[in-house]
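Here the structure comes first, spelled out in structure tokens, and everything after it is commentary.
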Ligand code: NAP
Ligand code: GCO
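Numbering (this note's numbering), first residue to last: 10 to 274.
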């Protein structure tokens with residue numbers, strides 16, 4: 010097998026919400042595989058910080074200020090990217106939020122905001138880049154799903170609904186655009202140590218681990234939280250020619266959580 014199939018040289022990769030966290034790790038891995046990195050964030054300050062953070066790793070990333078829920082802004086930004094950097098070959102729909110609120114206490118406004126960022130935005134951004142991929146005759150879309158694409162838990166009703174929907178949006182894009190040599194797959198990270206999960210890992214006043222931290226360790230055969238860097242290899246695989254016949258698949262990168270009943274207390 011030609012191992013160059015795993016390379017991304019000459020490809021333009023757009024990773025949404027990638028100033029830090031999982032998006033930053035995935036973009037960094039794709040850069041190491043040869044891709045040109047484009048990313049966005051809502052605030053110029055974070056885009057500037059992101060560009061500097063990439064530069065510290067020797068990566069010349071192109072940063073754009075764009076709220077992925079704003080369709081006009083997304084379409085304008087993708088047009089700018091195509092003019093300034095090139096047609097987007099690889100899209101990673103990474104930007105996301107979570108609101109941990111018991112359903113009966115959650116307002117419809119809060120519910121809609123999570124759905125807007127975690128489900129509507131991936132639709133909007135994919136719709137903006139697919140025409141360019143069709144013209145080029147190839148494309149890769151990777152939607153960042155979640156354990157909550159498969160499982161529920163207390164306080165995350167909006168997030169689970171969004172990530173469950175994102176799993177099915179992934180399968181539908183795969184179905185509708187596979188004929189144009191566009192592959193659309195998902196990555197379902199397990200519990201990853203990023204700012205998004207920091208509240209679940211806070212050390213307690215008595216110095217003990219957060220109960221949820223202990224819970225996740227007991228539910229993970231690997232007995233550890235994932236690192237954002239654990240997602241780099243799977244993302245490069247799904248962005249590369251090595252996965253040209255993988256389509257509509259959700260690749261769970263969870264240390265085995267979905268396979269495991271959990272350690273006996
Ligand atoms: P994070 O640390 O909270 O980072 C999220 C990123 O998305 C931030 O850069 C944020 O920018 C950006 N973002 C949020 N709303 C946006 C919008 N409307 N437009 C543009 N950018 C926006 O999250 P993470 O842990 O890296 O997670 C990244 C993705 O992985 C999310 O989709 C998340 O649901 C998913 N995921 C995370 C885990 C985990 O355990 N961490 C597990 C499974 C799936 P700002 O800082 O400006 O808000
Ligand atoms: C939570 C966590 C999870 C992770 C991730 C798991 O509150 O349960 O934030 O939702 O972010 O999505 O795959």
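C-beta: ideal position from N, C-alpha, C; glycine also.
For this session: Report yes if the C-beta distance between residue 249 and residue 33 is below 7 Å; otherwise report no.
Result: no
Problem set entry | Rounded straight-line distance, which links the Cα of residue 116 to that of residue 269 | 34 Å
Problem set entry | residue 104 beta carbon less than 7 Å from that of residue 25 | yes
Exercise. Cα separation between residue 67 and residue 274?
Worked result: 46 Å
Exercise. For the stretch 24-80, which segments carrying the beta strand (DSSP E) assignment without a break, of at least 3 residues, lie completely within its bounds, in sequence order?
Worked result: 45-50, 71-74
Exercise. Would you call the stretch 150-160 and the stretch 37-57 in contact, with 3 or more CB pairs under 8 Å?
Worked result: no
Exercise. Does the separation of the CB atoms of residue 83 and residue 72 fall below 7 Å?
Worked result: no
Problem set entry | Assigned secondary structure, residue 220 (DSSP; H/G/I helix, E/B strand, else coil) | helix
Problem set entry | Residue(s) in a DSSP beta bridge with residue 193 | 150
Exercise. Whole-angstrom Cβ separation of residue 35 and residue 77, contact assumed at under 8 Å?
Worked result: Not a contact, Cβ separation roughly 16 Å.
For this session: Kindly indicate the opening and closing residues of the beta strand (DSSP E) around residue 256.
Result: No beta strand (DSSP E) contains residue 256, which DSSP labels as neither H nor E.
Exercise. Under 7 Å between the Cβ atoms of residue 243 and residue 226?
Worked result: no
For this session: Count the other CB atoms, across all protein chains shown, that sit within 10 Å of the CB of residue 19; report buried if there are 16 or more and exposed otherwise.
Result: exposed
Exercise. How big is the Cα-Cα spacing for residue 224 and residue 125?
Worked result: 30 Å
Exercise. CB-CB under 6 Å to residue 257, same chain, minus the five flanking residues each way: which ones, in chain order?
Worked result: 180, 183
For this session: For residue 218, collect the residues of the same chain with a Cβ closer than 6 Å to its Cβ; drop the 5 residues on either side in sequence, then sort them by chain order.
Result: none
For this session: Indicate the three-state DSSP secondary structure (helix, strand or coil) for residue 198 in the structure shown.
Result: strand
Problem set entry | Beta-carbon gap between residue 38 and residue 46 smaller than 7 Å | no
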